[in-house]
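Protein chains in written order, with this note's numbering: chain A, 41 to 355; chain D, 241 to 577. Comments concern the structure below.
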């Protein structure tokens, strides 16, 4: 069963109050107040001196469990919200792999599910590992996959979502195994709504109407796949799009707000695909998960098209 | 945890097309401006510039959209009564509308509303990874059909060291998994002609061609099972010949009638490659060329017997191989490596 063996996150130290974004993004005072008071956003992390390569490398080198285990890594999957982030053929993924001593691994990017691409990467990492030929490895010595996320706010679309959220730069690294003992993946569900693409014909108003019901649907499906109910879920690790979206979703599905870890919304805003991992580490640091607890991770990728995804894990 | 038993993927039909530029969506000034801004910011990160005025008008120099190319291939290839469960889009160079979640859009236009995503940042090896992902996904059961689409287009709007492909081109491959699958209805008529251009002279469909007469591309019926998929990362140029030779020997063992398709880049890296039974892909299409040419071998008049397709990406140093044999829905597949 797919398992998360270790997680690390790197966020730039430099904190930028959302008021400072008003000028570059041409936001009105009202829009900034809306972000702060209504959506619960306060600041983002940005550092123009850190390249995408730096972010990815910092996250991966923070993964102490990787050290000495590089030879076990068969795959490196880079789950990314923005499909294209460097001019061709610049390839920070492979540069980082070489720097980490992972040149022997098959490395590629999974994308075009926007900010839900990280959950896809975990799912696919598990499937690739399960398809590996049986080896003579003992317990704790099986093949691994490294799932990376990481993005720069390099263009306007990667800096904020109008009237919805603001992005932080950041990266994460996660070691995935096919049989690890902790944070086992019990269920995954995904729904894609390509009609919200620029060529899809659906309206923004329709997207707003269908956003929460669609997220609720994939959450329900992930729970069903996992064989649990919402009552069994100790904690929800959300995408950090904003607070109000989650409060409304809680009302829709009957989930107590205090079971959703929303503290990082204020501290970082939306860190693209890395929200799940940042929130996971926060939950661990605060002792919010006990062994055996079921928890749910949810992500929505929205831009051109929309992807709703949810995963259930056993801690 | 034991490895999941591999699920066979049977290639049942494929479409290949060339496309003239630019993307239809780039006729819209608003979309041109959005692309200009994105690509300008993209290039600026690496100290490159997008030429001023490039996006002022719609012109052939603006390049293509992978959404439009792939959509045309889907409409030509997949019938409404053949719901697809997984769609994987593989590319190396980005297209000219790079901010779109193209695969998510393709899920909307593909029968079955499949789980869809893109594989990239791996050069020409991305298509092989897509195949491995497809088989891994199918192994969990409940997956009837998989659609893999490989695309490349010629334009990036800034200086780059990478040579441009000769033309915008795409190949879509429709697979089914083990088990009975209802016979499909008629293959759909061709996608909008405005999006296509005639295939190059000498390229033709095999006897299974069901594309329109005077074809702007081919739709080919194929019966071939994916055998072994192998990816060797970080293979230095001076190691290619030995490794490719040993792999081809291993994959062709016991099949003196086997045929081989080598990508142009692999043939360049391996000048002394064997020639008997070996077909080398014409140069100019580093990502799609192998798959385009492979279809001739899988659907051509001499299609019996196993086929091995092999590729080398000289920049990212992946050596990849895939073997094909006659479809045998009851046979067991072999694991990837």
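In this text, a Cβ means the ideal position worked out from N, Cα and C, and glycines have one as well.
Euclidean distance between Cα positions of residue 164 of chain A and residue 332 of chain A: Looking up residue 164 of chain A in the first chain gives position 124. Looking up residue 332 of chain A in the first chain gives position 292. Whole-angstrom Cα-Cα distance: 24 angstroms.
Residue 279 of chain D and residue 338 of chain D closer than 8 angstroms at C-beta: Reading the second chain from its first residue, position 39 is the one you call residue 279 of chain D. Reading the second chain from its first residue, position 98 is the one you call residue 338 of chain D. Going by C-beta atoms, residue 279 of chain D is nearer than 8 angstroms to residue 338 of chain D.
Straight-line Cα distance separating residue 552 of chain D from residue 511 of chain D: Numbered from its first residue, the second chain carries residue 511 of chain D at position 271. Numbered from its first residue, the second chain carries residue 552 of chain D at position 312. Going from the Cα of residue 511 of chain D to the Cα of residue 552 of chain D covers about 13 angstroms.
One or two residues paired with residue 151 of chain A in a DSSP bridge: For the purposes of this step, residue 151 of chain A is taken as residue 111 along the first chain, with counting starting at 1. Residue pairing by DSSP places residue 151 of chain A opposite D/358 in a beta bridge.
Limits of the unbroken beta strand (DSSP E) element including residue 368 of chain D: As a working mapping, residue 368 of chain D is identified with position 128 in the second chain. Not the beta strand (DSSP E): residue 368 of chain D falls in the alpha helix (DSSP H), residues 366-378.
Test: residue 63 of chain A CB closer than 8 angstroms to a CB of chain D: Translated into positions along the first chain, residue 63 of chain A becomes position 23. No, residue 63 of chain A does not count as interfacial toward chain D.
From A/42, A/223, A/155, residue whose alpha carbon lies closest to that of residue 357 of chain A: Given that chain A is displayed from residue 41 to residue 355, the structure contains no residue 357 of chain A and the question cannot be resolved.
Within-8 angstroms CB hit, residue 550 of chain D to chain A: Along the second chain, one-based indexing puts residue 550 of chain D at 310. Taking Cβ atoms only, chain A never reaches closer than 8 angstroms to residue 550 of chain D, which makes this a no.
Under the three-state DSSP convention, the category residue 57 of chain A falls into: Sequence index remark: in the first chain, residue 57 of chain A carries index 17 (1-based). It is a strand residue.
Residues bridged to residue 416 of chain D (per DSSP): Here the question's residue 416 of chain D lines up with position 176 in the second chain. Residue 416 of chain D is bridged to D/250, D/385.
Chain-ordered chain D contacts of residue 164 of chain A [CB-CB under 9 angstroms]: The sequence position of residue 164 of chain A within the first chain is 124, counting from 1. Correct list: 357, 373, 376, 377.
Nearest-angstrom Cβ-Cβ length linking residue 283 of chain D and residue 290 of chain D, presumed shorter than 8 angstroms: Reading the second chain from its first residue, position 43 is the one you call residue 283 of chain D. Reading the second chain from its first residue, position 50 is the one you call residue 290 of chain D. Distance from residue 283 of chain D to residue 290 of chain D at the Cβ level is roughly 5 angstroms; contact confirmed, criterion being Cβ atoms closer than 8 angstroms.
Within-8 angstroms CB hit, residue 152 of chain A to chain D: Residue mapping note: residue 152 of chain A aligns to position 112 of the first chain, counting from 1. It does; some Cβ of chain D falls within 8 angstroms.
Closest Cα partner of residue 341 of chain A within the set A/148, A/167, A/98, A/207: Looking up residue 341 of chain A in the first chain gives position 301. It is A/207.
Separation of residue 265 of chain D from residue 316 of chain D, as counted between CA atoms: Within the second chain, numbered from 1, the residue matching residue 316 of chain D stands at position 76. Within the second chain, numbered from 1, the residue matching residue 265 of chain D stands at position 25. Residue 316 of chain D and residue 265 of chain D: Cα-Cα distance of roughly 20 angstroms.
Neighbourhood of residue 259 of chain A by C-beta, 7 angstroms cutoff - its chain only, sequence neighbours within 5 removed: The residue labelled residue 259 of chain A in the question sits at position 219 within the first chain. So the qualifying residues of the chain are 293, 336, 338, 350.
Selection of the region 231-255 of chain A by Cβ proximity to chain D, strictly under 8 angstroms: 232, 233, 234, 235, 237, 238, 239, 240
Nearest candidate by alpha-carbon position, reference residue 523 of chain D, set D/517, D/272, D/509, D/318: Translated into the one-based positions of the second chain, residue 523 of chain D becomes position 283. Of the listed residues, the one whose Cα sits closest to residue 523 of chain D is D/509.
Spatial neighbours of residue 308 of chain D in its chain, beta-carbon cut-off 8 angstroms, leaving aside the 5 residues before and after: For this step, residue 308 of chain D is matched to residue 68 along the second chain. These residues qualify, in order along the chain: 259, 263, 264, 265, 435.
Proximal chain A residues relative to residue 396 of chain D, where beta-carbon distance stays under 8 angstroms: To locate residue 396 of chain D, count along the second chain from 1; it is residue 156. Ordered by position in chain A, the residues that pass the 8 angstroms Cβ test against residue 396 of chain D are 127, 128.
Three CB pairs or more closer than 8 angstroms across the region 312-321 of chain A and the region 126-133 of chain A: no
Whole runs of the beta strand (DSSP E) within the region 156-232 of chain A, excluding any shorter than 3 residues: 184-191, 210-217
Any 3 or more C-beta pairs closer than 8 angstroms across the region 214-230 of chain A and the region 75-91 of chain A: no
Alpha-carbon spacing of residue 326 of chain A relative to residue 305 of chain A, whole angstroms: Here residue 326 of chain A refers to the residue found at position 286 of the first chain. Here residue 305 of chain A refers to the residue found at position 265 of the first chain. When rounded, the distance between both Cα atoms is 16 angstroms.
Bridge partners - residue 457 of chain D, DSSP secondary structure assignment: To locate residue 457 of chain D, count along the second chain from 1; it is residue 217. BP columns for residue 457 of chain D point to D/257.
Per-residue contacts from residue 131 of chain A into chain D (C-beta, under 9 angstroms): Against the first chain, residue 131 of chain A aligns to sequence position 91. Within chain D, the residues near residue 131 of chain A are 361, 362, 363, 555, 556.
Three-pair Cβ contact test at 8 angstroms for the region 378-393 of chain D versus the region 402-410 of chain D: Touching, yes, given that three or more Cβ pairs across the two stretches are closer than 8 angstroms.
Inter-stretch contact (C-beta, 8 angstroms, three-pair minimum) for the region 179-191 of chain A and the region 222-229 of chain A: Contact between the region 179-191 of chain A and the region 222-229 of chain A is absent, because fewer than three Cβ pairs lie under 8 angstroms.
Spatial distance of residue 68 of chain A from residue 58 of chain A (CA atoms): As a first step, residue 68 of chain A must be located in the first chain, where it is residue number 28. As a first step, residue 58 of chain A must be located in the first chain, where it is residue number 18. In a straight line, the C-alpha of residue 68 of chain A is about 12 angstroms away from that of residue 58 of chain A.
Distance, residue 513 of chain D Cα to residue 120 of chain A Cα: Residue numbering aside, residue 120 of chain A sits at position 80 when the first chain is read from its first letter. Residue numbering aside, residue 513 of chain D sits at position 273 when the second chain is read from its first letter. Straight-line Cα distance between these residues: approximately 38 angstroms.
Chain D contacts made by the region 331-344 of chain A, where a contact means CB separation under 8 angstroms: 341, 343, 344
Below-8 angstroms beta-carbon distance, residue 446 of chain D vs any chain A residue: Here residue 446 of chain D refers to the residue found at position 206 when the second chain is read from its first residue. No answer about residue 446 of chain D holds up, because its pLDDT of 36 lies below 50 and its placement is not dependable.
Residue from D/543, D/352, D/356, D/389 whose Cα sits closest to the Cα of residue 461 of chain D: The residue labelled residue 461 of chain D in the question sits at position 221 within the second chain. Residue D/543 is the option with its Cα nearest to residue 461 of chain D.
Buried or exposed (CB count within 10 angstroms, at least 16 for buried), residue 269 of chain A: Indexing the first chain from 1 puts residue 269 of chain A at position 229. Per the 10 Å Cβ criterion, exposed.
Pair within 8 angstroms by beta-carbon distance, residue 507 of chain D and residue 530 of chain D: As a working note, residue 507 of chain D is residue 267 in the second chain. As a working note, residue 530 of chain D is residue 290 in the second chain. In terms of Cβ geometry, residue 507 of chain D and residue 530 of chain D do not form a close pair [threshold 8 angstroms].
Contacts of residue 143 of chain A in chain D (Cβ-Cβ under 8 angstroms): Within the first chain, residue 143 of chain A is the residue found at index 103, counting from 1. Going along chain D in sequence order, the residues near residue 143 of chain A (Cβ under 8 angstroms) are 473, 474.
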